[in-house]
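Trainee: My structure is below; once you've seen it, I'll send some questions.
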Amino acid sequence: MENPDAEAIAGSLACGDMIAIYLRIEESSEKIVDAKFESYGCAANIAAASILTEMIKGKSVREAWNISWRDISNELDGLPPVKYHCGVLAVGALKRAIRAYYEKRSKPEWLPKELTQEEKHTLEEETLMEILANKMRNQKQLQNE
Ligand code: FES
């Protein structure tokens, strides 16, 4: 999406995959008029992100904020338990994008100050990269011992 009003890249600590979410938001109504994603994840994540972008189009930012990974799973007729985190990744990226939208605007009262569980499970790109790099360094060290 060219010049989105909000965007976020988030990574899953569970698998190391990443997703980018882009939002076009009508300022006056705070409605999401368009949503796109790029997934560097598995098929379940692509499906979750795709259905999520369809679900949030036409919704207010607040309504979109309240969508959970379970709603996505239901919409997809159920994700298998080992793929729950793929839906969490999609929702976490959306929440991070919404938070980014309000970074330079006055924050609505419904936006929690604390990070939600989904946001905590989906880390910003840099943090995830750092954690993965550390993991790889530790593994190499173990192999060399
Ligand atoms: Fe990583 Fe699905 S296994 S997003």
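In our numbering, the protein residues as written are 292 to 436. Glycine included, each C-beta is placed from N, C-alpha and C at the ideal position.
Grab me the residues of I337's own chain with a C-beta within less than 7 Å of its C-beta, minus the 5 sequence neighbours each way, in chain order.
Mentor: Cβ neighbours of I337 beyond the five flanking positions: S330.
Trainee: Starting from the Cα of S381, find the closest Cα among S397, E354, I363, G369 and give me that residue.
Mentor: A quick correction: the sequence has Ala, not Ser, at residue 381. Measuring from the Cα of A381, the nearest candidate turns out to be I363.
Trainee: Could you name the residues of the same chain whose beta carbon sits closer than 6 Å to that of I312, not counting the 5 residues immediately before and after it, in chain order?
Mentor: Counting only Cβ-Cβ distances below 6 Å, and skipping sequence neighbours, we find A299, F328, A384, L385, A388.
Trainee: Should K426 be listed as close to the ligand FES, given that the test is whether its C-beta is under 7 Å from any heavy atom?
Mentor: No; taking the cut-off as 7 Å, the Cβ of K426 has no heavy atom of the ligand FES nearer than that.
Trainee: Quick check on this structure: which residue in G302, P295, M292 has the alpha carbon closest to the alpha carbon of L414?
Mentor: Nearest of G302, P295, M292 to L414, Cα basis: G302.
Trainee: Please determine if the stretch 341-353 and the stretch 318-326 are in contact, where contact requires at least 3 C-beta pairs separated by less than 8 Å.
Mentor: The answer is yes - the stretch 318-326 touches the stretch 341-353, with three or more Cβ pairs under 8 Å.
Trainee: When DSSP labels each residue in this structure, what does M346 get in the three-state scheme?
Mentor: Reduced to three states, the DSSP call for M346 is helix.
Trainee: Between I310 and P403, what straight-line distance do the alpha-carbon atoms span, to the nearest angstrom?
Mentor: Roughly 22 Å separates the two Cα atoms.
Trainee: Quick check: what's the CA-CA separation for S397 versus A305?
Mentor: One C-alpha to the other measures close to 33 Å.
Trainee: Using the three-state DSSP reduction, which class does M427 fall into: helix, strand or coil?
Mentor: Here M427 sits in helix by DSSP.
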